Every structure is written in C-alpha cells, then in structure tokens.
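Just below is one structure, and these are the notes that go with it.
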C-alpha cells in the first residue's frame, strides 16, 4: 500500500501528536529551546516524484545530526571510500553519540562510525576546499542540489549558539588531532561543523533528500545522478545501524527503515526504492529522537509496509 | 538475477577459497581446532523451495553463535517480546562479543543485545521447561522443525569441550545473576548453552533455516508457519545490526543482508523474500567470521542483487 | 602526646557517636543487617604493651575486608614477594572495590592491588595447604597467633550468608581463572574466602593485631617476630594507599595513618612505631567505612599526633 | 643513619647510573629529546640546613609534573582546602596520568586527584590573579621563595614546545570546561600551565623545596613559614598516593617516602622531619619515572631508613 493523499497524513499526525507531551525540547543548544514542543509536520516524497505532506510543512528547522549523512555522502564522493574509512570506522557503538571514552580505548583512536560526533567531525574535516569558506560553499551547493532549491541556507543564530557552546566537540577534536585522525585548525573545523548542523529547511525539502537516497542517488524529479549508487547505499546502511542515536537497534526492530534524526526534532527517512520522508517534531525522547516522529514512522511503516527486513 | 545451478556456486567458491589462507581456526575451543582450514561449502535455499549447493555440502559443523538467532526466535515465541526485552536490549555495541565491562557500566546491568554472549545467555535462560532436559528437548525440536529433519542433534565432544572451558561465560552468568538478569542454577544454564552451541548440521540444513527467516517464518516447502512473521523480522534485524560480531557494520555496508556467523566458521544468511544461505568455512578473520565465507557473500550479494539497502 | 586512660577514649567516643546517624548498616550481606547502628567501641594497643579501650570493647564483629591485610601478610610469608606480585599488582585504583571492568582492560588481567576484591581473592588463592581445610587451618592459626588467643574463630552464619550471595565474587573468580590469575576449584576458594571474611573478634583483639603491624611484625607483648619487618611494612603501605576503599586518599589526607576497614564497621589502624587501633562502629558512609570510626580516627590522629606525613 | 658526605652520594650514583640504559628519554615533548640519557645528579637538603650533592648538581632541568605539587601548595594557600577540593578529588587512580575516559564516567566530572593532568590543570586554573601574567608572577614568586633564589625562571623553548603540542591537555580542558570544573580562556590556561611545567632549576634547588615540605612548610635556613603545615602535609600525602604516576603504589612499597616525578627525569622527595631530595636522571621507565632516580631513592631509603611505613 502507498500513501495517496495529504488527508491520510493529516489523520496520522493527529493520532501521534499527543505523544509529544512525553518528550521535551533539547536543552543544551540555547537557540533550540524556543521551539513549540507540540509542532509536528511530515512529508513523503516518492521516487516517482509524487509527494504528500501534513502539518506546518513550511516550518523550517535545522538539520543538526541529520547533516552527518549528507556530509558523509559528499566526502565519500570527494575522497573515495578507502580514504574515508581509514579515518572513521563502520561499526555501531553502544556508547552515547558525544562520548570520548571509547576513543581512548581504541587503537588507533579512530571513531567507530560517522554518525557519532567524533566520527562526524572527522568526516567534516575531510570536506575538500582550499579554506573553510570554499569547504562550506561545496557543502552548501551539494545540499542545494539535493533539495533542488538555491535558497536553502543555514541559521546563523543557531550556528553561533552551537559554536559558542561546543566545548565537548572541541575536546573530541583536540583528542583526535593528537592522534592524527583529524588535521588543521580546530576552530575552523568547528565553525564549519556548526554551520553544517545549522543548515535549515522544511520537512518537504528533507523528504526530497531522503528520496534521493531511496532512489540510490538519483534525483526523483530530474533523473540526474546526484550520488553514486554505492555511496547512497553506504549512507542508508549507516542510517540503519546507527542513525537514531542509542535507539538505532530498537528503531530498526520497530520501524525497519534507514533513518537519521537530529536533536532539533527532525528525522529523514529513506525507504529503498520507494520514498523519502521528512519529519519535524521537536519534543525529544531521552535518546534525542523526536517522540512523535518515531511513533509516526512506526505507524507509517506498518501501514505502508516499509520495513526492509 | 538468481542462482540457477550448482556449477555457478562451485565456480564462486573456487574463486574465494584462496582467502582461507588469510584466516585461522578458532583457538579457544579445543574441539574446534581440528578442522581443515581450507574447507568451504555453501548452499542457497530459495523461498520457492529450489536449492543449490557447492563444496562438501554434507560436511557437518556446529552452530556456535549462529544458534543465538534460533534460540532467540524460540524464546520470543514462548515468552513474547515484552518479557524478553525486559531482560536483554536491542542495541548494537562496539564492544567484543564476550565483554563484561559494559555490563558493569549499564544501569540496569542488562546485556545490550541478544547476539553478544551475555545477551545470548540471558535468552537461553528464558527457554521454558520444567528442567534442563525439557528445555533442551524444546530447543532441539524447534531446530529439527526448522531443518525438517529429525536426525539433527548436537556434537557431544564439542559441547563438553566448551562447557569445560566456559569460565568467561560463567563470569558473565554470575555477574548477571547478581543483578537479577538471569536466574536459576548457572551450571545447568551453561550445560544447556554449550549444547545449544554444539548443535550440528551441514550448510544445506543451515540454508533451509535461513530460508524460513527469509520467508518471514514460513517453511518454504510445507508452507507451515514455524515462526510468527514479526518475530522472524526481529531476528533478521538483529542479524543486520549485530550478527557478524564487531564487523557487523562493515558487513552491512559491503554485503547488506541479514546474517549470523559462528566461530566454527558457519554463516547463516537470510535475504528477505528471496532465500536462505548456509556457509561453512572454518578459517576465521580476527573478528571471528569465516574469511572465505564473508568474501563469498560479498560476491553473491553483488551478483544476485541481495542488498536490502 | 599519648593516650593514657580509658576515660580519654570514653570521652572521645561520646563526642563522635552522633555521627553514626549519618551512616547505615551494610545491606548486601543479610547476616550483617541486624547490628545496632549506634554501637561504637575502640581500643588502642601501644607497642610497649599498654592498652586502653572504650565502649563495648568485648562486642565481637567480623573482619570482612580487614582480613585482606592479614591474609596478604600470611601469603607473603608463605610465597615471597615475587610470587605474590606476579599475580596481583601494587597500585591503587579509582574503581570500586568489587569492580570487574578494569580487569578486562588490563593486559594481563591482573588485579591492581590486594585490597580490592579481585586482588584479595587472588591472594587467598595463594594460601598454601593440601586442601581447603588445611589452608583454613593455617590462616586461622596465623590470626590466633597475632591476637594471642586460641579461641578466635569465625562466624558460621555470616560466612554462609556471604557464600550464598557471593555471585559478584564468583564472577571475578571465573574471570580470573579464565586469565590464569587464579587456579583450582572456585567454590572451594569462595568457601575459604567467605570464612576468612567472617573471622570474628572484638576491638581489643583487632588493636593487638594492629600493634603487631605497627611494631614492624613484632608481638608487642612476647617480643616474638610474627611477621618479617619488610612484609609488615608492605602491608602498612597498602593500608595507606588503598585500605579505606575509594576514600583512601581522603583518609590519608585527613588522618594520615595506615588503616583497613571492613563493611562490618570494623577498622584496624597501625601507627608505625606507636600503636595498633581497633574500632567497631557498624554505621557506614557511602564508601563503606564506619562513619563514627573515621571521625574518631581523625580526632585521635590530631590529638596524639599520629600522621605519618 | 644520615648522609654525611658528598663522597657517599657520589658512590651511590655510580652504582645506580648503569640502570639508565634500561630507560629512554621522553619522546612526546620535542624539546626534551635532546638530553643526555646518562646524566644523573642528586642533592639532599636536611631540615637542619646541611646539604650534600653528587653528579652534575648544577645541571638545570624543567620541573614538568613536579610543578604540580608546588602549584597545589600555592592554590591551597590562596583558596583554602574546601574551595580546591570542590573541583578536584583526593583519590588515587589506576588510570594513566593523561587519561580522559574516567572523567566521562564520574559524576560530577571532577578529576580524581591533583597529580593527574586533568587535576593539575584544574589546580592551575585556580591560581589567583587578574590576568595570566599576574598569575604567573605569583607562581614564580612562590617558587623563588621556596628555592630562596630570585634567578629561578622557566625555559621558554620547552614551554613553547609543550604549548604547541598540548592537544591532549586541550581536550582535557575543554571537557572540564563543558562540565564547569574549569573556567576562563583555555589557551591562557595552557599558556600558564606549560610555563609552570617548564620552570627550571638544578637538583640542589629541588632538594631545598623538598626540605620545605619535609619540615612541614618551614624554610630550613631562614626558619620562615612558607607553607602552612597542614598544607605541606596534604602535599606530601598526594606525593605518596599518586606522586609517581602509575607506579606510585610500587614506589611506596619499595621506597616509602613522599616523592613527585616529572617526565624531564626530575624527582623531588620529602622525608618528613628529615630532608628534601632532588634528583635528575632523564632516562625514564615505561611509567615515566627516572629509572636510575628511582633505584637511587630505593637504595638511599634503605641505607638512611627513610620509609614512613
């Protein structure tokens, strides 16, 4: 079965919206504390180009950790698998996304995967460009291409707020610099990374990006190849094994689709060969995932038969 | 594309057999040290009932960790998801399969998932039965049903060898008993667990079990439901997120199918809606997976388009 | 200045007794839950043979972890330093006394010191004797010699209670057996260890043992050498660096004398060249030390100038 | 027995000098790689003012971790015990001196003691002064007062070399800043800390500082109180429980005196009521202590009866 109307989605979000009350807004990024915890919007973008939405689907939010998948795709395109996986591993971890302890235990001190902060910082460190501005331009161009919208940009206030409070990420960076996993100026890297996290769009834009991954890298409207298929597949694999923070395993069991969440409350889903999904619901569970968003995906996965297992 | 002849498979195993030289036999289970490290056999069992094989497909081997998936299915059938996941988690871990350290950190001291030893012991502890014999009978009956062969049994010598050297598993058990994750007599549990690990079959038998999981629990020949579909799906999910020890993430990227390996050199694959796979190749890589077996699955996945991502 | 009367001590314990209300009885050893948390007794035994006491100084209690120092002395006498420190380290640890996680990290899996449970079990495992009974006889003889009292024995009910609930210690033992740090039958070892912990005496007896350590191994009354001086010194060193659980560092700063506590509420002190101290006060702080006992030692150390620093 | 001539010391260093060949120069601080690994010098400064020396006793070296004790004394004088121990603990640790993992486990993220890098950075962060220059002036004045020499200063080249490569310390700082254990500008702190570590003197100067600690804070020549006695005692206690890196426990057993080492190869000893000791021998064992220096202290402790146990 397939979603065929906005009404269907409207009904679904009405059903799951009450779950928002069990979550709360992220508290460690000052600029994100001001969201309305009842907000909920969703969009589905099929690989055939049709799309549906519900809720305030024009409401913008920042990508936060969702951006890790996109940067990974770009960096794999630019550097190749071998170079990337020399610096960051492929294995899920039972530790929190911002943990530093495991890095000290591992020899070499290589982050376990690109979805935890250490790994994502190492990935962003590999974006090519002669300086931080050129690196940013390449990333932003790539995002705009995926969304097919030249207006997509980032939220300066959120970026600044995160940059100013990024001491844990600073600690991760200097630790990895010591162990030669990352290189160059750390403040530049954090500046780039916090801008990346602050890239802003609405759930329809996000669904469109998800659709590119779902279609193995092909733009569902123009038919252009934006991401080589094997790289799109790698990204979807990471979304399954470590896309939903420390609840990735449970999400794989209950929902069963590649997805990546961010502490802004966004979730990007990519159902292979079928559709991309964009969700925004800022009330988070204790693992950092949108409470209502996860519930919505669980329902949609059952109704539309999305599980890959 | 689909495998349509034994010759195809024979050719494939000839191609990958040389990789065996980069691996070595498991060394900590005395009875398994005597295998021939060049051995390699494979079988594919399609959900429509057709099957193919290559190599010494009648050669028997013990399931070892592969048995964890089967016991999990049985215990989920007997106790329901809620009861099972109260005692064992759903999350992958970056730690080794036999690690005890994480248990001490976690509150409660619940094993992260049923594929690491701690979790598997907790699962075996939930097999129902009035005593250890009845529990064993139920497990063996279930395995025989899956294979559709009443002669399947276990290797007594291997079981004894593992029981006698199971001190790490004893440590895990007593630690979990202290924290009330498991209950009852520990020696009984280890006796049952080591018999479970020593269940013996050939790669064709194993492929047939894989096919039941691939077909969402339906016997591909008789059409009978042996495992409820939602439970078959849970098992396949664990096979993806944590089925290949500490190389599960890499395997998901390179092969992309649900699979579970054992230190005997066996691998069971389950390609959703398509086929089950059984492989035996006792030369292991440093993570504990069959070197040639993993290489073979990588090739087959590419040729037959098996990746779920 | 030196203590010269029982009255002095009576006054001191009256002053510190109220601190007992901030502590509580140990809760994980069933047989120890029945003590009176207001109890407080103390004895000082000078190396010249004079002694003083206050409170119910005939009240018996079990040694628990205090026994670790005595067994260490015996095992060093029997096996020599080299053999002992091949199996157990000399370094303090920041981890809890019953932790297993560090053992997994260390290569080899050698307990950091003989005062944590893992190390103490490894030490007890080295008591010489053809069987567990002979080992026990030797330990008990040694204790009786130190106390100079043939009636000293152990509390059977406490020993049994601890044996029955010793699953964490079982886990430690099997882990160390796997790594060849300990050898032989584990249940025998735990039987011996729990008897050792249940050795029972009053605070005057304990002060007398402390005095032997204070006098570098010489019996303060008979003048006999019960412990070679270099071994007595080793024991006192461990008492300073790791004798008071995870509060050893703070105790060294605030009190500054070699001391070993047990979860029964006992503390044995050994002020080099001056005196031994025995204290019983079963209300424990969160680290497992007698609240009133620690306070009392702090006061006595100031008044009598006991700090070794 | 007491040292009464330079000849005695000359003979002792001739005996232990060969041990230098089992050690090697520190390798992670570029500017320290150029020392002569055969160097060995020693000085003893008795609390009565007499002093003896041997070897190239005018050869200067940087204090490195030895400076941690001096800064701790200053900061305790300036801020009081309560304020200091709110930010840094009193317990020894089994982890390496530069480890960050334990900080993540502890709640709050308070360094276990002031002798590991995390704790020392937190201590330096508490030096009072309106800016980094004033803080440095106060520290340097304090050091000059202890040595009674206004010419004592720091090695700029070593300080710069350490500052430039201080990425692990940066990681520790940002981690602690995140957890509000330290405050203010991190680069300023590291600038101050690396100057502190690069304070330079010879072994006679160092012995004189040790003598102040040995004499409970009193200058052995002028009789002035430079450090309140309870603070001198606290410092000596930390020297025993955690002054010799991860070999503090072994050193306490084999030598038994308060001592602090640095990776430059310096060791400062403080034998309560007797003397201070300064040693320089840049060939280090694997724990980071001067090989010949430790051996020398072991011999001297036996000959002169220095053990406090």
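Chains as they are written, first to last, in the numbering used here: chain A, 6 to 314; chain B, 6 to 314; chain C, 6 to 314; chain D, 6 to 314.
Glycine included, C-beta positions come from ideal geometry on N, C-alpha and C.
Owing to the predicted nature of the structure, the values given are computational and were not obtained by experimental measurement.
Chain order gives the chain D residues near residue 179 of chain A as 172, 173, 175, 176, 179, where near means a beta carbon separation below 8 Å. Closer than 8 Å to the CB of residue 291 of chain B there is not a single CB belonging to chain A. The continuous stretches of beta strand (DSSP E) do not include residue 184 of chain C, and DSSP gives it neither H nor E. Every alpha helix (DSSP H) of 4 residues or more that sits fully in the region 162-232 of chain C is shown, in chain order, as 172-183, 191-202, 208-219.
Under DSSP, residue 280 of chain A shares a beta bridge with A:51, A:276.
Counting other Cβ atoms within 10 Å of its Cβ, residue 308 of chain C stays below 16 and is therefore classed as exposed. Residue range 234-247 is occupied by the alpha helix (DSSP H) that includes residue 241 of chain B. The Cβ atoms of residue 261 of chain B and residue 314 of chain B lie closer than 8 Å to each other. In the three-state reduction of the DSSP assignment, residue 292 of chain A falls in the coil class.
Minimum Cα-Cα distance from residue 280 of chain B among the listed residues B:204, B:219, B:256, B:271 corresponds to B:219. From the beta-carbon of residue 105 of chain C, the residues of chain B found nearer than 8 Å are 105, 106, 109, 176, 180. Within chain D, the residues placing a beta-carbon under 9 Å from that of residue 263 of chain C are 314, ordered along the chain. Looking only at D:203, D:291, D:30, the smallest Cα-Cα distance to residue 101 of chain D is reached by D:291. A direct Cα-Cα distance of roughly 31 Å separates residue 259 of chain C from residue 89 of chain C. The Cβ of residue 254 of chain A sits closer than 8 Å to at least one Cβ of chain B. 8 Å or more divides the Cβ of residue 15 of chain C from the Cβ of residue 78 of chain C. Just so you know, the alpha carbons of residue 64 of chain A and residue 295 of chain A end up roughly 16 Å apart.
For residue 117 of chain D, the residues of chain C that pass the 9 Å Cβ criterion are 99, 254, in the order they occur in the chain. Shown here for residue 94 of chain D: same chain residues with a beta carbon closer than 7 Å to its own, the five before and five after excluded, namely 115, 116, 117, 118 in chain order. From the beta-carbon of residue 69 of chain B, no residue of chain C is found nearer than 9 Å; the closest lies around 18 Å away. With contacts defined by Cβ atoms closer than 8 Å, residue 180 of chain B and residue 176 of chain C form a contacting pair.
A direct Cα-Cα distance of roughly 10 Å separates residue 277 of chain C from residue 215 of chain C. The continuous stretches of alpha helix (DSSP H) do not include residue 135 of chain D, and DSSP gives it neither H nor E. The C-alpha of residue 153 of chain B lies about 18 Å from the C-alpha of residue 201 of chain B.
Where residue 112 of chain B is concerned, there is no enclosing alpha helix (DSSP H), because DSSP gives it neither an H nor an E.
Between residue 247 of chain A and residue 97 of chain A a beta carbon distance of about 5 Å is seen, short of the 8 Å cut, so the two are scored as contacting. Going by beta carbons, residue 194 of chain B and residue 108 of chain B fall outside the 8 Å limit.
Under a criterion of Cβ atoms nearer than 8 Å, the residues of chain C adjacent to residue 245 of chain D are, in order, 245, 246, 257, 314.
Secondary structure note for residue 267 of chain C: it is in no beta strand (DSSP E), with a DSSP letter that is neither H nor E. Our two residues, residue 56 of chain D and residue 240 of chain D, have alpha carbons roughly 22 Å apart in a direct line.
Residue 31 of chain B and residue 87 of chain B have their C-alpha atoms some 35 Å from each other. When Cβ-Cβ separations below 8 Å define contact, residue 65 of chain B makes no contact with chain A. Assignment of residue 28 of chain B by DSSP, reduced to helix, strand and coil, places it in the coil class.
Under DSSP, residue 59 of chain C shares a beta bridge with C:47. Taking 8 Å as the cut-off, the Cβ atoms of residue 288 of chain B and residue 25 of chain B count as close. Close partners of residue 238 of chain A in chain B (Cβ separation under 9 Å): 258, 261, 312, 314.
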